[in-house]
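Novice: In my numbering, the protein residues as written are 1 to 493.
Would you mind keeping the following structure in view while I ask a few things?
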């Protein structure tokens, strides 16, 4: 039997057995008092607001707040599903009838305390069928996979090797654990804070701009993973149809071997690729603001820290390093001022400032190392660190947006790119908070059934932004593609 998930944001490869069982992780609900919720119709607040995750809270979330229609409409890629209540049965315009039923879902359920069961190759004919399965099984995790040539639920009845992937969004996974070597805030592993979360905002900016400008993708959705990372779903038809080789090429395009303080073999080649130059323009201001000072990661906030940074300079810059070290001990300059002074000092060596003449004893390779050192340093801390294997294959499963992380009780909400640097993972609502918000709203306004329950909570902002800035433009694009194909078909008659 294949193993169930072994870490909080793990993806599963195609080929794992349909079900597997393991001893469940200790969750924040174990040993906690139960909630007052016993069914979807009852009062929703937990008896103990400190409980962030429990089976009762999860059942309430799936019953009242999970945005089934948004997920269904998105994964159908069918303009006919734009309005709630339209399940776009067979004969639909573009393809919920032929696409959605062939989409793989997997679910991790906990039928008994202490045991998890991982179920693969799940597929559903409609939104209602998906909703019924989720509300019945109450999965602690939902993963979304590829669209196959047959409904994945028919896997066991098909000849071996007959079930093949057809398309899948191009996805990216960025996790703070991959930044452990540069997190000077005291966090590591699953622990995060506001200081190290800044790396996620920087990564989103670089990746989103690169995917749009260099590859022409338009329909990108970013989501909080619920704990310590972010996921990107590139949903353009051209992205969904990419072969595995093409996916690997796109992912590798953004991959940079960053080296480390001990291994200084990371060097940017010359001429610098335009993508890296653009990333540097985005990242250096963030580096200066959020990495250099003490209120960030403090790499130039004390002599101990700036000495550590100066040792990474090329050997030919040591005279500049010694001079600045002595100067900074006497002055009370800010980390920003030190960074500007350091860059000016080393650029003077290669004649890159004003009328300064380059030292004649420097080889061309030494000049290049000096010129690129600021960029390499900024990248070592801030450049996106991708889990590249997630992006390479159509058959990877990735955590579903809108589900709940069992360790934190927080919803995997959409992240708006324009304000990604302001996104606060600690402000994302927990299940307990959402149930309290529902109770408060209905106590003040009554049970208003004219709007969705999630619109009565703090999910309203991120969910409506997702609808307006991602889902509507996506379905408009699909509608345009459909119209053009119809016109071409008519013209060919």
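Note that the Cβ used here is the ideal one computed from N, Cα and C, for glycine as well.
Only a predicted model underlies this, so the values are computations on that prediction, with no experimental measurement involved.
Please list the terminal residues of the continuous beta strand (DSSP E) segment that includes residue 406.
Specialist: Against the chain shown, residue 406 aligns to sequence position 406. Looking at the DSSP string, residue 406 is not in any beta strand (DSSP E), and its letter there is neither H nor E.
Novice: Can you tell me where the beta strand (DSSP E) holding residue 108 begins and where it ends?
Specialist: For the purposes of this step, residue 108 is taken as residue 108 along the chain shown, with counting starting at 1. First-last of the beta strand (DSSP E) with residue 108: 103 to 112.
Novice: Note the first and the last residue of the continuous alpha helix (DSSP H) segment covering residue 474.
Specialist: The residue given as residue 474 occupies position 474 in the chain shown. Start and end: 472 to 491.
Novice: Keeping to the same chain, check which residues put their C-beta closer than 6 Å to that of residue 424; ignore five residues upstream and five downstream.
Specialist: On the chain shown, residue 424 is found 424 positions in, with the first residue counted as 1. Cβ within range, chain order: n/a, list empty.
Novice: Could you tell me the distance, in whole angstroms, from the CA atom of residue 150 to the CA atom of residue 99?
Specialist: Sequence index remark: in the chain shown, residue 150 carries index 150 (1-based). Sequence index remark: in the chain shown, residue 99 carries index 99 (1-based). Whole-angstrom Cα-Cα distance: 10 Å.
Novice: Would you report the Cα separation of residue 318 and residue 280, rounded to the nearest angstrom?
Specialist: Residue numbering aside, residue 318 sits at position 318 when the chain shown is read from its first letter. Residue numbering aside, residue 280 sits at position 280 when the chain shown is read from its first letter. If I take the Cα positions, the gap works out to 24 Å.
Novice: Which term fits residue 377, buried or exposed, when burial requires 16 or more other beta carbons within 10 angstroms of its beta carbon?
Specialist: To locate residue 377, count along the chain shown from 1; it is residue 377. Buried is the call here.
Novice: What do you get for residue 177, buried or exposed, if any count of 16 or more other CB atoms within 10 angstroms of its CB means buried?
Specialist: Along the chain shown, one-based indexing puts residue 177 at 177. Classification for residue 177: buried.
Novice: Does DSSP put residue 223 in a helix, in a strand, or in coil?
Specialist: Here residue 223 corresponds to residue number 223 of the chain shown, with the count starting at 1. Residue 223: strand per DSSP, three-state reduction.
Novice: Identify the residues that DSSP records as bridge partners of residue 165: which are they?
Specialist: For the purposes of this step, residue 165 is taken as the residue at position 165 of the chain shown. DSSP lists 148 as partners of residue 165.
Novice: State the beta-bridge partners of residue 232 as determined by DSSP.
Specialist: Along the chain shown, one-based indexing puts residue 232 at 232. DSSP output for residue 232 lists 172 and 222 as bridge partner(s).
Novice: Who are the Cβ neighbours of residue 367 in its own chain at under 6 Å, not counting the five residues just before and after it?
Specialist: Your numbering for residue 367 matches position 367 in the chain shown. Result list for residue 367: 350, in chain order.
Novice: Confirm the yes/no value for this check: CB of residue 226, any heavy atom of the ligand MG, distance under 7 Å.
Specialist: No copy of the ligand MG appears in this structure; indeed no ligand is present at all.
Novice: Between which two residues does the alpha helix (DSSP H) carrying residue 282 extend?
Specialist: On the chain shown, residue 282 is found 282 positions in, with the first residue counted as 1. 274 to 290 is the extent of the alpha helix (DSSP H) around residue 282.
Novice: If you run the structure through DSSP and keep just helix, strand and coil, what is residue 434?
Specialist: Residue 434 sits at position 434 when you count from the first residue of the chain shown. In the structure shown, residue 434 sits in a helix (DSSP, three-state: H, G or I).
Novice: Would you identify the three-state DSSP class for residue 523, choosing helix, strand or coil?
Specialist: In the structure as shown, the chain begins at 1 and stops at 493. Residue 523 is therefore absent and cannot be evaluated.
Novice: Taking its Cβ as the centre, do 16 or more other Cβ atoms sit within 10 Å of residue 235, making it buried, or is it exposed?
Specialist: Residue mapping note: residue 235 aligns to position 235 of the chain shown, counting from 1. The residue is buried, with at least 16 neighbouring Cβ atoms inside 10 Å.
Novice: So residue 72 is in the alpha helix (DSSP H); what residue range does that whole segment cover?
Specialist: Here residue 72 refers to the residue found at position 72 when the chain shown is read from its first residue. Looking at the DSSP string, the run of the alpha helix (DSSP H) that includes residue 72 is 68 to 76.
Novice: Would you identify the three-state DSSP class for residue 212, choosing helix, strand or coil?
Specialist: Here residue 212 is taken as the residue at index 212 of the chain shown, counted from 1. Residue 212 falls in the helix class under three-state DSSP.
Novice: Can you tell me whether residue 422 is buried or exposed? The criterion is at least 16 other CB atoms within 10 Å of its CB, across all chains shown.
Specialist: Along the chain shown, read from residue 1 onward, the residue named residue 422 stands at position 422. Residue 422 is exposed by the Cβ-count criterion.
Novice: Of all the options 243, 292 and 227, which has the alpha carbon lying nearest to the alpha carbon of residue 309?
Specialist: By 1-based counting over the chain shown, the position of residue 309 is 309. Among 243, 292 and 227, the Cα nearest to that of residue 309 belongs to 292.
Novice: CB residue 81 to CB residue 72, shorter than 8 Å?
Specialist: One-based indexing of the chain shown puts residue 81 at position 81. One-based indexing of the chain shown puts residue 72 at position 72. Yes, they are a contact pair.
Novice: Give a yes or no on whether the C-beta atoms belonging to residue 65 and residue 454 are separated by under 8 Å.
Specialist: In the chain shown, counting from the first residue as 1, residue 65 sits at position 65. In the chain shown, counting from the first residue as 1, residue 454 sits at position 454. Against a cut-off of 8 Å, the Cβ pair of residue 454 and residue 65 comes out as a contact.
Novice: Along the alpha helix (DSSP H) that carries residue 451, what are the first and last residues, could you check?
Specialist: In the chain shown, counting from the first residue as 1, residue 451 sits at position 451. No alpha helix (DSSP H) contains residue 451, which DSSP labels as neither H nor E.
Novice: Between which residues of its own chain and residue 282 is the CB-CB distance below 8 Å, once the five residues before and five after are set aside?
Specialist: The residue you call residue 282 lines up with position 282 of the chain shown. Around residue 282: 202, 205, 206 and 209.
Novice: What does residue 399 pair with, by DSSP beta-bridge criteria?
Specialist: Locating residue 399 in the chain shown gives position 399, where the first residue counts as 1. DSSP output for residue 399 lists 143 as bridge partner(s).
Novice: Go ahead and pull the three-state DSSP assignment for residue 138.
Specialist: If you number the chain shown from 1, residue 138 lands on position 138. Residue state, collapsed to three classes: coil.
Novice: Which term fits residue 52, buried or exposed, when burial requires 16 or more other beta carbons within 10 angstroms of its beta carbon?
Specialist: On the chain shown, position 52 is the one that residue 52 refers to. So residue 52 counts as buried.
Novice: DSSP state of residue 335, grouped into three classes?
Specialist: Residue 335 sits at position 335 when you count from the first residue of the chain shown. Helix at residue 335.
Novice: Less than 8 Å between the CB atoms is what I'm expecting for residue 390 and residue 172, so what's the real figure, rounded?
Specialist: Within the chain shown, residue 390 is the residue found at index 390, counting from 1. Within the chain shown, residue 172 is the residue found at index 172, counting from 1. Residue 390 to residue 172, Cβ: 7 Å. Contact.
Novice: Based on the DSSP output, what are the partners of residue 411 in its beta bridges?
Specialist: Taking the first residue of the chain shown as position 1, residue 411 is located at position 411. DSSP, once it has assigned bridges, lists 404 as partnering residue 411.
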